[in-house]
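Below, the structure is given as structure tokens:
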């Protein structure tokens, strides 16, 4: 019985194969055979009614599959019971008869259609395909319409809707195609992927839109428009994908047995990957000991892997890294590795003078004030009931939580401000008429208006022109409009104007757009780093000098501009000095290009000689005489002396506002708070004194309050940085107090980074400050230094930034422009040679330059990012490692002011909130955690207030992040998330900032690897209470100690992977040249005689 059944099964399979072979050789059936086939298959349809609507090949295949299934069940039963009845195991006669009929029908159909193919096959098949596609498409559309009309709302689906109402916080959309009236809210953050401040700017009532259902809770529907293409109604693919999803697209180049980055070429191994390898460790268990003893006595024969004691101990040894002695070939013998000692750049004329002593005292006094403030805060918190103070509100009504949060955040924002800021905000709410003149009358009242005609004539007759005019004469706002009216914006060319500061570029552009009556971003626009408010229609463009320098990278001949105006050239910013040399070449190459250099206080003759002995045009200012008053003796504490002078002026001098110059935000806030407390102690009978701070990180609306007229019977004191020297024009100033100091950025080659140092200003800056008192009427300038110090301790002009700062980014841009001979570049004031060498060495170690000093591929890509070279290397490495999404966020957070704020009266709660975000691996990942939490809470301002996060700073970081992601997309670099593998993020950071590596010192703090300098983790760091062995820091700050800020833990092995030219694995058996030069200091009691340990007196 068994052979017979096997033969029948094989016969069934052969029949199936034969029938399928017939169909494979005749896949396209003719229309003429349809009627014949339908007739022949009528019986078959009766036997297999479920297959009636399917194509012929599918029907036959399913029939045979059905029989094969029967055959499989037959075989299974046969294996279980060899004595089974033959009738139960065989196919039914009806099934076999149906299969035979299908086979014969197909054979006849194929023979009949063979002689018709030449005449009708092609035309009829095309007609058939055309009609069948059309019918299928219409049927599919009808089915989809019916299903969409009758379906219920599904979370995540996309629907069509109509905007019913628009509010400030968003819009309500009525969803179409669902039963009943269903409406949902599209929050303002969900309307567009771009930042939207007002929903009315994007949507209107009765507008048809596509929306995605995000959340449905208790009949409340949350919708989103930003994830849906409003033209097609399809979901926009997200740029951020998991590493596994794009692995085949971002797979690095394979070199040998290890993975190396396709862009940067670094070793991509991380500690997670090494852990996965499962290194074998020495087993110290009792079982291992017992087994070894048994082996020793040969009682039993157990085979086991031998334990390599040396290998196991080597894994436990400390991994040491030291500086490599290899030098770049093009810098051989000129770097610090060759023994060259670099000294800090000198920016002080007389280091032994009284003003330098005052600057050093200022650092100590600031430290003392900080400690006193902390003690006062601790004393206040000790007297408070912390548990009750930190207790969260109970919110029984979940629906009203948003309103409660808004009220709570409003209360916090009011209480978090110091008293002087509260009063300033309250008094600024009063509406005052700033000016009764129209815009036209205001323009005509400016000093430059009288010289409009001769100025335009001079510009047309000279391709380079130096314009000298006092601050407030109208140079910045009016000259660009005069140039446009004179026809310089024809033929699609633009008029460009550079500004040294971002605030000046944005505020001036807004003012010019207002005067011209146009929309900002259209005819008049501005461009600053990470923000472009311009369009194709822009004809007057204001920008920072750094942005024009980046445009020169793409367009060296400035083909988009007919005229460029370098404003405030006397500040001699780094980018401005480079533009001098580049635009000088443009003038020589282009006959239709005009260059204008403007300033308030400028060494005009020096600039004229540099620019081909060009003409100088002077605009006389309407200034009044200013009386200069010097101190008889040097001041010990210029901050305290400044406040005393303010009160003396307020009580003894006639009406008029006061302008006080200080060095930075901390100093200004301390001065404002102290001045406010002293005025309170004097009593309510004293004349009102309105205190107005001004520094760059203040919101623009707060800064604008200094321009409001002073109320009658009051006096306003404006306490500002050197931004008020030339960039801001403030009316009503009659008294200026000048301590004579400013914070100056300088490059410390020993630390390898820029630092801010309090230093005396130049004589030119002192004259500029005094001039602020003579714009409205006769004024006075109180200089808190002696006349002798002015003459002997102040430089005539400020040291240009190009001679005192890090030039790595500048050198990288010049190399990208094809300028390789830096020593012969036409600088107005050449930078020190050692500064250039330090920049070249840093770029070589980052991989941006090769052994010949030429730009590499990675160096060219680094130059395309508006970032410092270490940050550019970091973001490119993140593409190789597959963590570019997180690195974009971290760089954006590093580029803004600190996101945490710590109110004086809520410092403990703020610290507790901050501690929740602390990451065990460092501050960079803490920033990432904060941003992701903010993102998960729909970028809520309420959430920021509850967690003591500065919403303005974190939104600025969001804008920067969008710009970085856009740059990566533009150059087709993947934006990939590393998921939970955060070692990739830390290694990417290490690839850019390996210069800033420090190792834990057994005695105290850390020692930097570059110069063996003692540094400490900042108390605000997430690693302060759990210091790791190896760290990398973002920057050093000097307060009571040298603190590392923004610190992250690393694996020392990564230093060899990412910076093989800079570091090497140190060996305890050999000493490099640096170790040989180190002097060994004997250990002794620091309280006794250092030589007491010696046996003899020699």
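Numbering (my numbering), first residue to last: 5 to 1102. Note that the Cβ used here is the ideal one computed from N, Cα and C, for glycine as well. For clarity, every value in this text was computed on a predicted model and none was experimentally measured.
Query: Can at least three beta-carbon pairs, one atom from the segment 674–681 and one from the segment 623–635, be found at a separation below 8 Å?; Result: no
Query: Checking 8 Å against the spacing of the C-beta atoms, do residue 1037 and residue 1002 come in under that value?; Result: yes
Query: If we require 4 or more residues per run, which alpha helix (DSSP H) segments fall completely within the segment 966–1053?; Result: 987–996
Query: Going by C-alpha distance, which of 192, 815, 511, 893 is nearest residue 993?; Result: 893
Query: Would you mind reading off the limits of the alpha helix (DSSP H) that contains residue 446?; Result: 443–448
Query: With DSSP collapsed to three states, give me the class of residue 186.; Result: strand
Query: Could you tell me the distance, in whole angstroms, from the CA atom of residue 966 to the CA atom of residue 918?; Result: 25 Å
Query: Roughly how many whole angstroms lie between the Cα atoms of residue 996 and residue 580?; Result: 27 Å
Query: Can the beta-carbon of residue 470 be found less than 8 Å from the beta-carbon of residue 618?; Result: yes
Query: Going by DSSP, what residues sit across from residue 165 in a beta bridge?; Result: 179, 213
Query: By Cβ distance, which residues of its chain are closer than 7 Å to residue 335, with the 5 residues on each side in sequence left out?; Result: 841, 844, 845
Query: Count the other CB atoms, across all protein chains shown, that sit within 10 Å of the CB of residue 259; report buried if there are 16 or more and exposed otherwise.; Result: Residue placement at residue 259 is flagged as unreliable, the pLDDT there being 36, under the threshold of 50; the coordinate-derived value follows with that caveat. That one is exposed.
Query: Please confirm if the segment 495–510 is in contact with the segment 560–569, defined as three or more CB-CB distances below 8 Å between the two stretches.; Result: yes
Query: Where does the unbroken beta strand (DSSP E) through residue 486 begin, and where does it stop?; Result: Looking at the DSSP string, residue 486 is not in any beta strand (DSSP E); the run it does join, the alpha helix (DSSP H), is 479–489.
Query: Just the Cα atoms here: how many angstroms apart are residue 159 and residue 273?; Result: 41 Å
Query: Can you give me the Cβ contacts of residue 252 inside the same chain, cut-off strictly under 8 Å, excluding the 5 residues immediately before and after it?; Result: In this prediction, residue 252 has a pLDDT of 38, which is less than 50 and means its spatial position is unreliable; what the coordinates show is noted afterwards. For residue 252, where only same-chain residues beyond five positions count, there are no Cβ hits under 8 Å.
Query: Go ahead and pull the three-state DSSP assignment for residue 618.; Result: coil
Query: Is residue 333 near residue 1066, with beta carbons less than 8 Å apart?; Result: no
Query: Starting from residue 751, trace the beta strand (DSSP E) both ways and give me its first and last residue.; Result: 745–752
Query: Apart from the five residues just before and just after residue 237, which ones in its own chain have a Cβ nearer than 8 Å to its Cβ?; Result: 162, 164, 214
Query: Among the candidates 492, 358, 1035, 446, whose CA atom is the shortest distance from the CA of residue 569?; Result: 492
Query: Which one of 1000, 797, 167 has the shortest CA to CA distance from residue 357?; Result: 797
Query: May I ask which residues mark the beginning and end of the alpha helix (DSSP H) holding residue 876?; Result: 873–885
Query: Relative to the C-alpha of residue 734, which candidate in 662, 830, 577, 920 has its C-alpha closest?; Result: 662
Query: Where residue 477 and residue 455 are concerned, what is the direct C-alpha to C-alpha distance, given to the nearest angstrom?; Result: 11 Å
Query: With a Cβ-Cβ cutoff of 8 Å, do residue 1039 and residue 1049 count as a contact?; Result: yes
Query: For residue 539, would you say it is in contact with chain B, using Cβ-to-Cβ distances shorter than 8 Å as the test?; Result: This model lacks chain B altogether; it includes just one protein chain.
Query: Would you identify the three-state DSSP class for residue 923, choosing helix, strand or coil?; Result: coil
Query: Let me make sure I understand the geometry here. Which of 331, 819, 270 has the alpha-carbon closest to that of residue 855?; Result: 331
Query: Could you spell out the range, first to last residue, of the beta strand (DSSP E) harbouring residue 773?; Result: No beta strand (DSSP E) holds residue 773; the alpha helix (DSSP H) holding it covers 767–775.
Query: Hey, how far is the Cα of residue 1004 from the Cα of residue 1027?; Result: 12 Å
Query: Return helix, strand or coil for residue 814, following the three-state DSSP convention.; Result: helix
Query: Rounded to the nearest angstrom, what separates residue 651 and residue 985 at their Cα positions?; Result: 59 Å
Query: Once the 5 residues before and after residue 1000 are set aside, which same chain residues still bring their CB inside 6 Å of it?; Result: 1036, 1037
Query: Tell me, to the nearest whole angstrom, how far the beta carbon of residue 1070 is from that of residue 354; I am working on the premise that it is less than 8 Å.; Result: Going by Cβ atoms, the distance from residue 1070 to residue 354 rounds to 44 Å, so no, they are not a contact pair.
Query: Kindly confirm or deny that the segment 949–957 and the segment 902–912 touch, where touching means at least three C-beta pairs closer than 8 Å.; Result: yes
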